[in-house]
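Comments concern the structure below.
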Amino acid sequence: GAGVSQSPSNKVTEKGKDVELRCDPISGHTALYWYRQSLGQGLEFLIYFQGNSAPDKSGLPSDRFSAERTGGSVSTLTIQRTQQEDSAVYLCASSRTRTGGVNIQYFGPGTRLTVL
Amino acid sequence: GNSVTQMEGPVTLSEEAFLTINCTYTATGYPSLFWYVQYPGEGLQLLLKATKADDKGSNKGFEATYRKETTSFHLEKGSVQVSDSAVYFCALHINTGTASKLTFGTGTRLQVTL
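Laid out in structure tokens, this is it:
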């Protein structure tokens with residue numbers, strides 16, 4: 048079956064512009080996660096969705112970052128007024144939600160964001 | 089808070105050598121533990137997992153045992169191949185309902201040569 052897909056695969060933007068990154072999770076996965084992978088910071092959690100709600104937004108680095116999820120499926124991560132330090136690979140993951148079990152997260156290929 | 093510490097890389101080995109990548113963790117609660125692998129130009133893939141103390145996760149010849157007494161989850165392989173060259177990430181997960189995230193180590197790059 049299809050895995051997690053992300054678009055675009057690469058995005059180059061100018062400092063100060065807004066960008067939108069898209070994630071399409073595995074069908075049937077109710078949980079969705081955004082992470083960021085950068086050279087200086089490693090792999091960092093950004094936000095977790097359960098259905099369309101985000102009970103954990105603790106990893107969003109500033110109010111320039113926001114995310115939404117609609118229909119319990121596709122999610123969009125928006126970065127406003129991009130800065131050079133936002134340059135990173137943005138990873139999306141999804142998982143089932145199983146009470147009492149291990150919810151394995153499956154990752155997409157990522158979107159490489161470069162802010163000039 | 090929760091954290092994962094991995095040995096610094098890069099690790100360079102000859103083919104058929106024995107591999108150990110150390111991983112220790114700090115967690116409030118009882119985590120599940122994972123090793124993810126990132127091959128060159130590819131996304132993160134789950135390599136193996138363990139959910140409780142003394143569990144051994146294994147896959148593709150790699151093994152790791154969940155050691156609660158030493159809070160460790162070291163990755164081992166008896167005979168590495170060139171195709172094992174990749175970056176390996178140790179991670180923990182605790183699901184509290186409102187919080188469900190992977191906490192990753194910094195990653196260890198493995199380079200296997202002929």
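Those protein sequence lines, which keep their order, are chains A and B.
The opening position of the first sequence corresponds to residue 48 in my numbering, with each subsequent residue numbered one higher.
The opening position of the second sequence corresponds to residue 89 in my numbering, with each subsequent residue numbered one higher.
All C-beta atoms, glycine included, are put in the ideal place defined by N, C-alpha and C.
In terms of alpha-carbon separation, which member of the options lies closest to residue i?
i	options	result
Thr159(B)	Glu96(B), Thr100(B), Pro98(B), Thr139(B)	Thr139(B)
Asn99(A)	Tyr82(A), Gly118(A), Lys64(A)	Gly118(A)
Tyr124(B)	Thr114(B), Leu136(B), Tyr113(B)	Leu136(B)
Leu79(A)	Leu107(B), Gly166(B), Thr201(B), Ala187(B)	Ala187(B)
Cys111(B)	Cys178(B), Lys156(B), Ser173(B)	Cys178(B)
Thr144(A)	Thr77(A), Gln53(A), Lys62(A)	Thr77(A)
His181(B)	Asp142(B), Lys144(B), Met95(B), Gly193(B)	Gly193(B)
Gly129(B)	Gln131(A), Asn150(A), Asn57(A)	Asn57(A)
Ile94(A)	Gln84(A), Leu107(A), Gln88(A)	Leu107(A)
Met95(B)	Leu134(B), His162(B), Tyr154(B), Asp142(B)	His162(B)
Cys70(A)	Lys62(A), Arg83(A), Leu124(A), Glu132(A)	Leu124(A)
Glu157(B)	Leu132(B), Asn147(B), Ala115(B), Tyr127(B)	Ala115(B)
Below 8 angstroms on the Cβ atoms is my contact criterion, and I expect residue i with residue j to pass it. Report the Cβ-Cβ distance as a whole number of Å.
i	j	result
Tyr176(B)	Gly195(B)	7 angstroms
Val168(B)	Ala105(B)	6 angstroms
Ser122(A)	Ala114(A)	6 angstroms
Tyr153(A)	Gly75(A)	No, Tyr153(A) and Gly75(A) are not in contact; Cβ-Cβ is about 11 angstroms, not under 8 angstroms.
Thr158(A)	Pro55(A)	6 angstroms
Tyr113(B)	Leu107(B)	No, Tyr113(B) and Leu107(B) are not in contact; Cβ-Cβ is about 20 angstroms, not under 8 angstroms.
Leu160(A)	Ala135(A)	6 angstroms
Val92(B)	Leu198(B)	Wrong, their Cβ atoms sit about 17 angstroms apart, outside the cutoff.
Asn90(B)	Thr191(B)	5 angstroms
Would you decide whether residue i is buried or exposed? Buried here means 16 or more other CB atoms lie within 10 Å of its CB.
i	result
Leu90(A)	buried
Arg116(A)	buried
Ser142(A)	buried
Ile189(B)	Strictly speaking, residue 189(B) in this sequence is Lys, with Ile absent from that position. With 16 or more Cβ atoms within 10 Å of its Cβ, Lys189(B) is classed as buried.
Leu15(A)	The structure shown does not extend to residue 15(A), since chain A is modelled only from 48 to 163, so the question has no answer here.
Pro119(B)	buried
Leu68(A)	buried
Lys165(B)	buried
Asp110(A)	exposed
Val162(A)	buried
Asn183(B)	buried
Arg128(A)	exposed
Ala152(B)	buried
Ala141(B)	exposed
Asp65(A)	exposed
Gly117(B)	exposed
Between which two residues does the beta strand (DSSP E) harbouring residue i extend?
i	result
Thr125(A)	122-126
Thr201(B)	196-201
Ser109(A)	Per DSSP, Ser109(A) belongs to no beta strand (DSSP E) and is neither H nor E.
Lys137(B)	132-138
Pro102(A)	100-103
Val92(B)	91-94
Tyr113(B)	111-114
His162(B)	Note, His162(B): premise wrong, no beta strand (DSSP E); not H, not E.
Arg143(A)	Segment: none, Arg143(A) is in no beta strand (DSSP E) and carries neither H nor E.
Ser146(B)	144-147
Gln126(B)	120-126
Phe106(B)	Where Phe106(B) is concerned, there is no enclosing beta strand (DSSP E), given that its DSSP letter is neither H nor E.
Ser167(B)	Where Ser167(B) is concerned, there is no enclosing beta strand (DSSP E), given that its DSSP letter is neither H nor E.
Asn150(A)	It is not in any beta strand (DSSP E) - Asn150(A) carries neither H nor E in the DSSP assignment.
Thr158(A)	158-162
Tyr176(B)	174-183
Thr117(A)	Careful: Thr117(A) lies outside any beta strand (DSSP E) and carries neither H nor E.
- Those runs of the beta strand (DSSP E) which lie wholly inside the stretch 51-107 of chain A and span at least 3 residues: 52-54, 57-60, 66-71, 78-85, 89-97, 100-103
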